[in-house]
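As structure tokens, the structure follows; a few thoughts come after it.
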Amino acid sequence: MLLKRLLALVLLSGLFWLASCEKDDICVDGDTPRLIIEFYDTDNVDNLLPVPNLRIIGENGEKDTILVNRQSLNKVELPLKVNTERTEFRFIINAAQDANNETGNIDELAFDYMVKDRFVSRACGFVANYEGVTDDLTNELGSNGNWIDSIEVVVDTITNENDTHVKIFH
């Protein structure tokens, strides 16, 4: 009799233990989207044109925020800040392997936007989406001038990384 009660108690405890399990809180699709930029040929606007030895540095030219380092690319994915409504970058074409000096043609480009937080799930929390994205290219004086000829914001609301958001013509 005691053995039956003990067995019933163990089985009942096991059922409660199994019933208390819940789904793992794993965030699969909860990342804040990055800004997708593609580089195009100014003379043939349908052709992608890689930027030779491209180097992209974050706001204020800080060396510790290098996002792309001397690569020839026709597409980049850049993070935008979520705690402010402006992110600035320095795009450098033909950047040399000189650690002490920033060589090449430097263009300063900023993006302005409004940050909208969106709740994804309990596991993921909130992600930032960006609305009203606009560009601000600083005109460079001097002999080099800007290597970026023009910029087109194709999609001004950034909610995913599936689409190209900005086209840069050079």
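Numbers -19 to -1, 1 to 151, taken from mature numbering (1 follows the signal peptide of the UniProt record, and there is no 0), label the letters of the sequence shown in order. The beta-carbon is built from N, C-alpha and C at its ideal position, and this holds for glycine as well. Everything numeric in this text was worked out from a predicted model, so none of it was measured.
- The Cβ neighbour count for residue 60, taken over all protein chains shown within 10 Å, is under 16; the residue is labelled exposed.
- In this structure, residue 107 lies away from residue 68, with their beta-carbon atoms at least 8 Å apart.
- Here residue 74 is not near residue 127, since their CB atoms are 8 Å or more apart.
- Runs of the beta strand (DSSP E) lying entirely within the region 101 to 132 and spanning at least 3 residues, in chain order: 106 to 118.
- Secondary-structure assignment with DSSP links residue 9 through no beta bridge to anything.
- Around the CB of residue 36, 16 or more other CB atoms lie within 10 Å, so the residue is classed as buried.
- Judged by DSSP secondary structure, residue 15 falls outside any beta strand (DSSP E); it is assigned neither H nor E.
- Taking all protein chains shown into account, residue 71 has 16 or more neighbouring C-beta atoms within 10 Å of its C-beta and is therefore buried.
- Within the same chain, and ignoring the five residues on either side of residue 31 in sequence, the residues whose Cβ sits closer than 8 Å to its Cβ are 20, 53, 54 and 55.
- DSSP lists 16 as the bridge partner or partners of residue 59.
- The three-state secondary structure of residue 40, taken from DSSP, is helix.
- Contact check for residue 7 against residue 147 fails: the beta carbons are separated by 8 Å or more.
- In the same chain as residue 57, and ignoring 5 residues on each side of it, the C-beta atoms closer than 7 Å to its own belong to 18, 37 and 49, in chain order.
- Looking at the backbone, the Cα of residue 142 and that of residue 118 are separated by about 23 Å.
- Listed in chain order, the non-local C-beta contacts of residue 85 below 6 Å within the same chain comprise 73, 74, 75 and 76, local neighbours out to five positions each way being set aside.
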